[in-house]
RNA sequence: GUGGCCGUAGCUCAGUUGGUUAGAGCGCCAGGUUGUGGCCCUGGAGGUCGGGGGUUCAAGUCCCCUCGGUCACCCCA
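Residue numbers (this note's numbering): 12 to 411.
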């Protein structure tokens, strides 16, 4: 029996003309980021498993695709019933970036502004807007402790979304320090507030009763007060420094016409955030298009100084699903040259080379004429060809 | 990880209360016709009916399991 031809679960082939749309969307996002001075880097798809686990990545750590040890090391691990994997596919770009910064600390300019566009993998159950392989468009600022970093990251992210034609986005902003203060105040100092954050994050979806049920281990009056606080809190309901930072971020973004909103119930699942956190929402979809926040000190794990770091990540597939493909496929000059014989095709190939040199932005595509001309014309139209010409007219017979 | 719906050719699907060698359209390959090629005609390749087990004289059809797709939940980009 033939092997099945489908890609692995939750992963997708990219067929034309989607590949062209993706290429242009990625280019425009990167153009915005590099115009802001973010430098492009790359990191490997795989990291040592130790880098990924214990990275405070929240539930994502459970979703790591692990890579088996190889050869003798695998045999030994099997015999000892030891950990069988020593590598894993990255589940985000933030953890690899912290490793990258620690590794290249001495050679990097500080502050360092970095752009990182690459695929990540999570072993989740696939559904709409959620895949097991997807790309993130990250920008991060390393070495800037003030909210200028947050403001620029939010501004650049919204600008990138506008550049690809996704309008009507709103950034929701909150601060982990504000949440921490509220939790401490109503529930008392908690060792690991992670699970409390996760429960509170569901307030808008589940409602107060079910959230209270999830927090049944805590003082009922405190939980109720905490949820009431979330409902009506404003940025000044916390430490002065935090309130000032939030006010600065909100004011700066609003003053440049950005749609920005304080959302006390925004929590996010990652454990590594230390300050402001943000998400980009759009009225047409339930999930967020981008997410990020401040995660100071992550570099310390890798033996480097505890640097201030802040980042924002666009979900590439989610954005591509929202753009109008015609915006990227139309308006190009693409010429298909159809040839009826090999001699004609060879003449046209030479002619096409000359024309490309004269018009680098255009496409000149020399093809054998298909038996079903109607189908061929339809296919070419779908690929964005604005001209289909006959090979005989494109390049005449060679001179004797 | 939990639940609903769905798996028949490359694609879209038909297949009657279980009953002969499982079909159509489109696409693909070849040929005929046509002022080479779009319409039309002929032929061909391509399916262990997602996989496994069970019930039955007989399973694409009924039952169970499993894998995959899809949607929702949890969580996330």
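Every residue gets a Cβ at the ideal spot worked out from N, C-alpha and C, and that includes glycine. No experiment lies behind these values; they were computed from the predicted model shown.
Buried or exposed by the 16-neighbour rule on C-beta atoms within 10 Å, applied to residue i
i	result
residue 293	buried
residue 411	Residue placement at residue 411 is poorly supported in this model, since its pLDDT is 48, which falls under 50; the coordinates still yield a value, given next. Label assigned to residue 411: exposed.
residue 221	exposed
residue 65	exposed
residue 12	Only weak support is given to the placement of residue 12: the predicted model assigns it a pLDDT of 47, under 50, and the value that follows is read from those uncertain coordinates. Residue 12 comes out exposed.
residue 52	buried
residue 352	exposed
residue 245	exposed
residue 107	buried
residue 82	exposed
residue 401	exposed
residue 333	buried
residue 310	buried
residue 201	exposed
residue 71	buried
N- and C-terminal bounds of the alpha helix (DSSP H) containing residue i
i	result
residue 206	205-212
residue 398	First-last for residue 398: 398-401, but that is the beta strand (DSSP E), not the alpha helix (DSSP H).
residue 45	29-46
residue 457	Residue numbering for the chain in the displayed model covers 12 to 411; residue 457 lies beyond these limits and cannot be assessed.
residue 17	Looking at the DSSP string, residue 17 is not in any alpha helix (DSSP H), and its letter there is neither H nor E.
residue 417	Residue 417 is absent from the structure shown; the chain starts at 12 and stops at 411.
residue 67	Residue 67 -> no alpha helix (DSSP H), and no H or E assigned at all.
residue 237	231-243
residue 369	353-369
residue 340	337-340
residue 385	384-393
Reduced DSSP category for residue i - H, G, I as helix; E, B as strand; rest coil
i	result
residue 57	strand
residue 134	coil
residue 98	strand
residue 123	strand
residue 155	coil
residue 323	strand
residue 146	strand
residue 313	helix
residue 267	coil
residue 345	strand
residue 272	strand
residue 118	coil
residue 141	strand
residue 129	strand
residue 411	Here the model assigns residue 411 a pLDDT of 48, short of 50, so the residue's position is not dependable, and the following value carries that caveat. If DSSP states are grouped into helix, strand and coil, residue 411 belongs with coil.
residue 106	helix
residue 25	coil
residue 112	helix
residue 278	coil
residue 51	strand
residue 12	In this predicted model, residue 12 has a pLDDT of only 47, less than 50, meaning its place in the structure is not dependable; the value taken from the coordinates is given anyway. Note: residue 12 maps to coil in three-state DSSP.
For residue i, the first and last residue of its enclosing beta strand (DSSP E)
i	result
residue 290	287-292
residue 302	301-305
residue 77	77-79
residue 379	374-379
Test item: CB-CB of residue i and residue j under 8 Å
i	j	result
residue 25	residue 336	no
residue 69	residue 302	no
residue 190	residue 230	no
residue 359	residue 380	no
residue 130	residue 146	yes
residue 77	residue 46	no
residue 167	residue 284	no
residue 307	residue 316	no
residue 338	residue 176	yes
residue 181	residue 329	no
residue 188	residue 280	no
residue 158	residue 59	no
residue 394	residue 27	yes
residue 184	residue 260	yes
residue 169	residue 278	no
Any non-hydrogen atom of the ligand MG closer than 7 Å to residue i Cβ
i	result
residue 114	Although the ligand MG was asked about, the structure shown includes no ligands whatsoever.
Fully enclosed by the segment 160-212, which beta strand (DSSP E) runs are 3 residues long or longer? 181-186
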